[in-house]
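Engineer:
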Amino acid sequence: MRYLPEFLDRSAQEQVLRDLREAVAQAPLFNPVMPRTGKPFSVRMTNLGPLGWFSDRAGYRYQASHPATGLPWPAIPDSILAVWNGISNYPHPPEACLVNFYGSDAKMGLHQDRDEEDLEAPVVSISLGDTALFRVGGTVRGGKTQSLKLASGDVLILEGPTRLAFHGIDRVINGTSTLLKDGGRINLTLRRVRKP
Ligand code: MD3
Ligand code: FE
115 MRYLPEFLDR
125 SAQEQVLRDL
135 REAVAQAPLF
145 NPVMPRTGKP
155 FSVRMTNLGP
165 LGWFSDRAGY
175 RYQASHPATG
185 LPWPAIPDSI
195 LAVWNGISNY
205 PHPPEACLVN
215 FYGSDAKMGL
225 HQDRDEEDLE
235 APVVSISLGD
245 TALFRVGGTV
255 RGGKTQSLKL
265 ASGDVLILEG
275 PTRLAFHGID
285 RVINGTSTLL
295 KDGGRINLTL
305 RRVRKP
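Start counting the sequence shown at 115; every next residue gets the next number (our numbering).
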């Protein structure tokens, strides 16, 4: 795992936020639910790019359109593509940019990202807004884990063996950033889904 603290400076973060506001006007945040149980996630989501990650009672999957509007996901803006191009060492563009919004009580349990066909490509994560307590372990559930604080502008690159590491967000620490007027945290996760 590569950790690039403050990879985006404040003005780059503000540019990404302006682009996200435009995209979210077209593809509103929605509340996914867990497969089978229908229990809602505490994180709200939307997507940018040709494919978007989505969960409902039928399961987890990638699809080309927004579940509520039926419209294609908005394009990934250049301000976000620039991060992938700048650090990924991967010769193809990302297909999915998952936008996770965390209010003050949101969290994400430990999980692996394995819904993608292309597990060779890296995953790039960009944090904006309030700092989160991130936890990462090994590739088997129940192993030892390490914690890391992810602050606004920080970027993580998951590649090689860490691509399948268990990870999650234990909590968001309120009042740690002034980027979002009403607080909270946004995480952008850039992924390749299909093999090139
Ligand atoms: C480590 N999101 O959407 S991003 C997810 O902050 C997700 O919203 C978290 O996990 C968030 O799936 C964590 C950092 C991250 C993303 C992908 C990873 C860490 C990862 C894939 C493998 C290992
Ligand atoms: Fe994940």
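Beta carbons: idealized from backbone N, C-alpha and C, even for Gly.
1) If I follow the unbroken beta strand (DSSP E) through G282, where does it start and stop?
2) How would you write the range of the alpha helix (DSSP H) that W187 sits in, first residue to last?
3) Since D133 is in the alpha helix (DSSP H), which residue starts that stretch and which ends it?
4) Quick check on A196: does DSSP put it in helix, strand or coil?
5) What's the C-alpha gap between A178 and V237?
6) When you measure from the CB of M222 to every non-hydrogen atom of ligand 1, does any distance come out below 7 Å?
7) Tell me which same chain residues have a C-beta within less than 8 Å of the C-beta of D232, skipping the five on either side of it?
8) Need the endpoints of the beta strand (DSSP E) that K263 sits in, please.
9) Tell me whether P188 is buried or exposed, calling it buried when 16 or more other Cβ atoms sit within 10 Å of its Cβ.
10) List the endpoints of the continuous beta strand (DSSP E) containing M222.
11) Taking C-beta to C-beta, are W198 and P207 nearer than 8 Å?
Structural biologist: According to the structure data:
1) Taken as a continuous stretch (DSSP letters only), the beta strand (DSSP E) holding G282 covers 281-286.
2) Segment: none, W187 is in no alpha helix (DSSP H) and carries neither H nor E.
3) Unbroken alpha helix (DSSP H) run through D133: 124-140.
4) Correct three-state label for A196: helix.
5) Going by the C-alpha atoms only, they are around 19 Å apart.
6) The nearest non-hydrogen atom of ligand 1 is less than 7 Å from the C-beta of M222.
7) Correct list, in chain order: R306, V307, R308, K309, P310.
8) Taken as a continuous stretch (DSSP letters only), the beta strand (DSSP E) holding K263 covers 260-264.
9) It counts as buried.
10) 222-225 is the span of the beta strand (DSSP E), which, as asked, contains M222.
11) Going by C-beta atoms, W198 is nearer than 8 Å to P207.
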